[in-house]
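Visitor: Numbering (our numbering), first residue to last: 3 to 132.
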């Protein structure tokens with residue numbers, strides 16, 4: 003889907019039982035446009051680097067899930083793909099299983115993933131049964 007079309011549909015998006023949605027991108031080419039679209043629709047732009055205690059700190063599966071789960075309003079979270087690309091396949095699978103089981107119909111949380119579509123499909127999506 004083109005970004006322009008996504009921009010039009012974002013306002014029409016209904017809240018669902020499961021609040022987390024993943025956006026798959028091949029590269030970082032459109033990051034500025036993505037941020038602009040979500041800002042326009044009053045989404046909170048979250049940068050994971052703001053949650054680091056220091057530049058050498060790392061986000062394990064549980065700490066990353068906790069950050070996402072504690073978001074209180076419509077948000078888009080940047081930086082997730084830079085963290086999870088280094089997770090083992092088991093951690094990757096656990097992360098997404100818990101992520102997609104989060105229930106909260108009062109908000110939408112988008113997580114853009116850059117360059118991880120193949121791994122997402124192989125490790126998680128092809129093994130996810132809901």
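In this text, a Cβ means the ideal position worked out from N, Cα and C, and glycines have one as well.
Considering only their Cβ atoms, is the gap separating residue 50 from residue 80 smaller than 9 Å?
Guide: For residue 80 and residue 50, yes; Cβs fall inside 9 Å.
Visitor: Less than 7 Å between C-beta atoms, sequence neighbours within five positions excluded: which residues of the same chain meet that for residue 87?
Guide: These residues qualify, in order along the chain: 118.
Visitor: Contact defined as beta carbons within less than 8 Å: I believe residue 113 pairs with residue 22. What is the distance between those atoms, to the nearest angstrom?
Guide: Contact flag correct, Cβ pair sits at about 7 Å.
Visitor: Among 83, 42, 30, which residue has its Cα nearest to the Cα of residue 62?
Guide: That would be 83, whose Cα lies nearest to the Cα of residue 62.
Visitor: Locate the alpha helix (DSSP H) running through residue 118, then write down its first and last residues.
Guide: Neither: residue 118 is in no alpha helix (DSSP H) and is coded neither H nor E.
Visitor: Evaluate residue 89 with the Cβ neighbour count: other Cβ atoms within 10 Å of its Cβ, from every protein chain shown; 16 or more gives buried, anything less gives exposed.
Guide: Result: buried.
Visitor: With distances taken between CB atoms, is the gap from residue 44 to residue 95 smaller than 9 Å?
Guide: Result no, Cβ atoms of residue 44 and residue 95 do not sit closer than 9 Å.
Visitor: Check residue 130 in the structure and name its three-state DSSP category.
Guide: Reduced to three states, the DSSP call for residue 130 is coil.
Visitor: In the DSSP output, which residue or residues are listed as bridge partners for residue 25?
Guide: Answer is 114, bridged to residue 25.
Visitor: Touching or not, the segment 29 to 41 and the segment 60 to 74, by the rule of three or more beta carbon pairs under 8 Å?
Guide: No, because fewer than three Cβ pairs between the segment 29 to 41 and the segment 60 to 74 fall closer than 8 Å, the two stretches do not touch.
Visitor: Going by DSSP, name the residue or residues bridged to residue 79.
Guide: Per DSSP, 48.
Visitor: I'd like the list of long-range same chain contacts for residue 91, defined as Cβ closer than 6 Å, with 5 residues on each side in sequence excluded.
Guide: Hits under 6 Å: 125.
Visitor: In the DSSP assignment, find the unbroken alpha helix (DSSP H) run with residue 94 in it and report its ends.
Guide: Unbroken alpha helix (DSSP H) run through residue 94: 91 to 101.
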